[in-house]
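Okay, so here's the structure we're looking at.
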Amino acid sequence: MQQIPARRDSESSISTLEFEDNLIVPQLSTSLLFALTCAIGGLQLIWSTVFSHGSAYLFTLGITKTQSSLIWAIAPICGALVQPIVGAISDSSRSRWGRRRPFIVGGGLGVCLSLLTLAWVGSIGGSNAMIVQAAAIICILVLNVSMQPLQAGLRALIVDVCPKEQQSVASAWAGRLAGGSNILGYVFGSLPLWGAITENSGNGNGDETTRFRFMTVLSISVLAVTILATVYFIKEEDFGEKEYTPEGSNLVVRCLRDVKDGWKYMPLQSRRVCFVQFFAWMGWFGFLFYSTSYIASLYMIEERKRGVEQKVEYLGDAGVRLGTFASLLSAILALATTIVAPYVASSTNSKTEWWRETHILWFVSHLLYALCTFCTIFVSTVSAAIILVTVTGISWGITQWAPFALIGEDIATHHIEKDSRMEKGGQRWMSSQSGAMMGVHNAAISLPQILAALGSSVVFWIFEESKPDQDVSLAWVLRASGVAALVAAYLAWRLK
224 MQQIPARRDS
234 ESSISTLEFE
244 DNLIVPQLST
254 SLLFALTCAI
264 GGLQLIWSTV
274 FSHGSAYLFT
284 LGITKTQSSL
294 IWAIAPICGA
304 LVQPIVGAIS
314 DSSRSRWGRR
324 RPFIVGGGLG
334 VCLSLLTLAW
344 VGSIGGSNAM
354 IVQAAAIICI
364 LVLNVSMQPL
374 QAGLRALIVD
384 VCPKEQQSVA
394 SAWAGRLAGG
404 SNILGYVFGS
414 LPLWGAITEN
424 SGNGNGDETT
434 RFRFMTVLSI
444 SVLAVTILAT
454 VYFIKEEDFG
464 EKEYTPEGSN
474 LVVRCLRDVK
484 DGWKYMPLQS
494 RRVCFVQFFA
504 WMGWFGFLFY
514 STSYIASLYM
524 IEERKRGVEQ
534 KVEYLGDAGV
544 RLGTFASLLS
554 AILALATTIV
564 APYVASSTNS
574 KTEWWRETHI
584 LWFVSHLLYA
594 LCTFCTIFVS
604 TVSAAIILVT
614 VTGISWGITQ
624 WAPFALIGED
634 IATHHIEKDS
644 RMEKGGQRWM
654 SSQSGAMMGV
664 HNAAISLPQI
674 LAALGSSVVF
684 WIFEESKPDQ
694 DVSLAWVLRA
704 SGVAALVAAY
714 LAWRLK
């Protein structure tokens with residue numbers, strides 16, 4: 224990077240004041256905050272559909288648990304490799320539609336088409352199981368690739384248009400809408416009306432297939448409406464003249480350099496948040512993808528012990544509904560947490576209110592999650608499992624708010640901070656490269672999920688010979704995730 228000669232103090236002060244004036248961002252009204260973050264709620268409904276019904280739906284296609292764990296690793300791989308690059312490309316965009324809008328709309332379109340194709344892949348592929356399974360994997364790959372520009376664009380847009388003092392509020396709004404979407408998804412997913420719909424379907428897996436198709440249509444409809452609201456009501460600032468771009472580099476080289484600089488120029492506090500996220504999401508992977516299936520398997524074991532002689536498919540479907548109901552309760556508690564937590568949190572340095580600091584609340588949430596996963600050792604009933612899954616909603620609610628609030632405030636502060644250690648070029652880079660930094664943050668979320676997916680597949684392989692009504696592999700996946708949560712708790716405690 225080209226070195227900028229040092230200035231005398233007077234010249235540096237004048238330059239800093241001019242730079243700060245150029246970075247003043249007006250506060251957003253409540254209605255605009257809603258419009259800014261509503262598409263995150265739409266995206267979360269997509270994730271809710273995938274988390275709650277994705278694994279069960281893949282099982283109806285003949286895909287095993289071990290295979291499904293490896294397939295779901297596609298999501299973090301795309302997040303780690305694609306999103307940082309997409310964020311850097313959007314930072315460099317000079318489109319007349321804005322830096323983020325084209326990526327949000329394009330990503331949303333890809334998500335809708337790929338998920339719709341996945342839901343009907345059985346009908347498209349015919350009776351050849353290999354073709355159907357291969358097509359399903361391709362759809363999941365396209366789905367996760369498409370999610371990256373959508374997710375990166377939405378998160379970077381929040382950092383771009385919100386002033387520092389509203390970063391926490393905007394993150395809270397995003398968490399609330401994501402929580403509301405989770406509730407909507409779990410409500411429809413847990414309703415016991417699918418058997419009546421599919422009695423005449425002629426499909427042995429009709430219940431789960433029809434449920435997944437209905438949730439797909441619902442989720443992509445909500446996503447489309449919320450994306451339109453965001454891109455219509457939120458106006459982006461023109462960074463054409465403010466953007467710092469190294470001379471003599473093509474787009475590919477510049478994007479790779481921006482990804483590297485995303486870590487280099489990321490404030491120290493934000494880097495530490497990324498370390499916390501690494502271990503936190505190593506723990507969350509198993510819970511998000513398999514908590515519903517865990518309750519379903521526990522229900523099957525419990526019913527067999529009671530001497531209930533029903534088909535495995537029937538017990539599995541009833542168990543999935545109970546698992547979705549538990550996720551619904553967890554989502555309700557998570558939503559309540561995202562509403563209350565920002566008011567509880569305090570940025571004060573008072574020793575008497577240290578427990579109200581955002582990173583302390585985040586620390587407690589990791590401990591709570593670890594405790595819940597370890598308690599599965601003593602759980603043998605569906606009722607107790609539902610209680611544990613519900614309680615984790617507190618941890619999930621804080622996870623949806625705290626790290627983004629910490630990073631958003633940190634980046635916004637450094638946008639205008641007078642720091643003699645940072646070059647003018649570095650200041651300009653930070654003012655326009657929030658997408659690359661949020662991409663680096665997302666990589667910190669995604670990379671550990673790859674490791675968690677591989678670890679989960681090993682656990683499933685060990686228990687592969689277990690009968691459906693005797694399988695405890697899902698419980699061990701959850702218990703292992705608690706260890707990673709303890710490491711995340713330690714790192715969160717050391718923040719600030």
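Residue numbers for the sequence shown follow our numbering, so the first one is 224 and each next one is one higher. Every residue, glycine too, gets a C-beta built ideally from N, C-alpha and C.
(request) Report the rounded CA-to-CA distance for A607 versus F601, giving the unit in angstroms. (result) For the purposes of this step, residue 607 is taken as the residue at position 384 of the sequence shown. For the purposes of this step, residue 601 is taken as the residue at position 378 of the sequence shown. C-alpha separation (whole angstroms): 9 Å.
(message) At the level of alpha carbons, what is the spacing between L629 and S394?
(response) As a first step, residue 629 must be located in the sequence shown, where it is residue number 406. As a first step, residue 394 must be located in the sequence shown, where it is residue number 171. Each residue's alpha carbon lies about 9 Å from the other.
(message) If contact is defined by three or more beta carbon pairs under 8 Å, each pair taking one atom from either stretch, is the segment 435-444 in contact with the segment 268-275?
(response) yes
(message) With a threshold of 8 Å, are at least 3 pairs of Cβ atoms found where one atom belongs to the segment 383-401 and the other to the segment 288-308?
(response) The segment 383-401, when compared against the segment 288-308, does not touch it at the 8 Å Cβ threshold.
(request) Determine the extent of the alpha helix (DSSP H) in which Y409 is found, giving its start and end residues. (result) Counted from its first residue, the sequence shown places residue 409 at position 186. First-last of the alpha helix (DSSP H) with Y409: 390-413.
(message) Can you tell me whether G542 is helix, strand or coil according to DSSP?
(response) Against the sequence shown, residue 542 aligns to sequence position 319. G542 falls in the helix class under three-state DSSP.
(request) Evaluate contact between the segment 703-711 and the segment 504-523, counting only Cβ atoms and requiring at least three cross-stretch pairs below 8 Å. (result) yes
(message) Taking 6 Å as the limit between beta carbons, can you name the residues of its chain near A711, skipping five residues before and five after?
(response) Taking the sequence shown and counting its residues from 1, the one referred to as residue 711 is at position 488. For A711, where only same-chain residues beyond five positions count, the Cβ hits under 6 Å are V499, F502, A503, H589.
(request) Counting only the same chain and skipping the five closest in sequence on each side, list residues whose C-beta sits under 6 Å from that of A279. (result) Within the sequence shown, numbered from 1, the residue matching residue 279 stands at position 56. Excluding sequence neighbours, A279 sits near E431, V543.
(request) Output yes or no for whether 7 Å exceeds the beta carbon distance between R323 and G376. (result) Here residue 323 refers to the residue found at position 100 when the sequence shown is read from its first residue. Here residue 376 refers to the residue found at position 153 when the sequence shown is read from its first residue. Yes, the Cβ-Cβ distance between R323 and G376 is below 7 Å.
(request) Give, in chain order, every unbroken run of the alpha helix (DSSP H) that is at least 4 residues long and sits entirely within the segment 310-395. (result) DSSP runs (the alpha helix (DSSP H)) wholly in the segment 310-395: 324-342, 344-348, 352-384.
(request) Tell me whether I562 sits in a helix, a strand or coil according to DSSP, three-state version. (result) Stepping through the sequence shown from its first residue, residue 562 is reached at position 339. DSSP places I562 in helix when its eight states are reduced to three.
(request) Give the secondary structure of G649 by DSSP, where H, G and I count as helix, E and B as strand, and everything else as coil. (result) Working through the sequence shown from its first residue, we reach residue 649 at position 426. Annotation note: pLDDT 44 at G649 (below 50); position unreliable, coordinate value reported separately. Of the three classes helix, strand and coil, the one that applies to G649 here is helix, per DSSP.
(request) Grab me the residues of L714's own chain with a C-beta within less than 6 Å of its C-beta, minus the 5 sequence neighbours each way, in chain order. (result) Numbered from its first residue, the sequence shown carries residue 714 at position 491. The answer, listed in chain order, is F498, V499.
(request) Quick one: residues in its chain with C-beta nearer than 6 Å to the C-beta of G333, no 5 flanking neighbours on either side, listed in chain order? (result) By one-based count along the sequence shown, residue 333 stands at place 110. Cβ within range, chain order: S369.
(request) Would you kindly check if the distance between the Cβ of T547 and the Cβ of W624 is under 7 Å? (result) Within the sequence shown, residue 624 is the residue found at index 401, counting from 1. Within the sequence shown, residue 547 is the residue found at index 324, counting from 1. It is not a contact, given that the beta carbons lie outside the stated cut-off.
(request) Output the distance between the C-alpha atoms of I634 and V365, rounded to the nearest integer angstrom. (result) On the sequence shown, residue 634 is found 411 positions in, with the first residue counted as 1. On the sequence shown, residue 365 is found 142 positions in, with the first residue counted as 1. Approximately 31 Å between the Cα atoms of the pair.
(request) Check whether the Cβ atoms of A549 and I621 sit closer than 7 Å, and answer yes or no. (result) In the sequence shown, residue 549 corresponds to position 326, counting from 1. In the sequence shown, residue 621 corresponds to position 398, counting from 1. No. Outside cutoff.
(message) Measuring straight from C-alpha to C-alpha, what distance separates A557 and I354?
(response) If you number the sequence shown from 1, residue 557 lands on position 334. If you number the sequence shown from 1, residue 354 lands on position 131. Straight-line Cα distance between these residues: approximately 39 Å.
(message) Within 10 Å of its beta-carbon, does V700 have 16 or more other beta-carbons around it, so buried, or fewer, so exposed?
(response) Position 477 of the sequence shown, counted from the start, is the residue given in the question as residue 700. V700 should be labelled buried.
(message) The alpha helix (DSSP H) that contains G265, what's its start and end?
(response) As a working note, residue 265 is residue 42 in the sequence shown. From DSSP, the alpha helix (DSSP H) with G265 extends over 253-272.
(request) Please determine, among H582, S493, L551, the residue with the shortest C-alpha to C-alpha distance to T613. (result) Here residue 613 refers to the residue found at position 390 when the sequence shown is read from its first residue. Among H582, S493, L551, the Cα nearest to that of T613 is on L551.
(request) Could you tell me the distance, in whole angstroms, from the CA atom of I360 to the CA atom of F456? (result) Translated into the one-based positions of the sequence shown, residue 360 becomes position 137. Translated into the one-based positions of the sequence shown, residue 456 becomes position 233. Approximately 36 Å, taken between the alpha carbons.
(request) Helix, strand or coil for Y488, going by three-state DSSP, please let me know. (result) Within the sequence shown, numbered from 1, the residue matching residue 488 stands at position 265. Correct three-state label for Y488: coil.
(message) Buried or exposed for P249, going by 16 or more other Cβ atoms inside 10 Å?
(response) The residue you call residue 249 lines up with position 26 of the sequence shown. Exposed, because fewer than 16 other Cβ atoms sit within 10 Å of the Cβ of P249.
(message) Suppose you measure from the CA of P386 to the CA of R378; what does that come to, to the nearest Å?
(response) Translated into positions along the sequence shown, residue 386 becomes position 163. Translated into positions along the sequence shown, residue 378 becomes position 155. Looking at the two C-alpha atoms, the distance is approximately 14 Å.
(message) Please return the same chain residues whose Cβ sits closer than 6 Å to the Cβ of K288, not counting the five positions on each side in sequence.
(response) For the purposes of this step, residue 288 is taken as the residue at position 65 of the sequence shown. F683, listed in sequence order.
(message) On the CB-based measure, 16 or more other CB atoms within 10 Å of its CB, does W396 come out buried or exposed?
(response) As a position in the sequence shown, residue 396 is number 173, starting the count at 1. Flag for W396 reads buried.
(request) Given a cut-off of 7 Å, decide if I297 and N367 are closer than it, judged by their beta-carbon atoms. (result) Residue numbering aside, residue 367 sits at position 144 when the sequence shown is read from its first letter. Residue numbering aside, residue 297 sits at position 74 when the sequence shown is read from its first letter. Against a cut-off of 7 Å, the Cβ pair of I297 and N367 comes out as a contact.
(request) Identify the continuous alpha helix (DSSP H) that holds F620 and give its terminal residues. (result) Counting from 1 along the sequence shown, the entry for residue 620 is found at position 397. In the sequence as presented, Phe is not what sits at residue 620; that position holds Gly. G620 -> alpha helix (DSSP H) spans 605-622.
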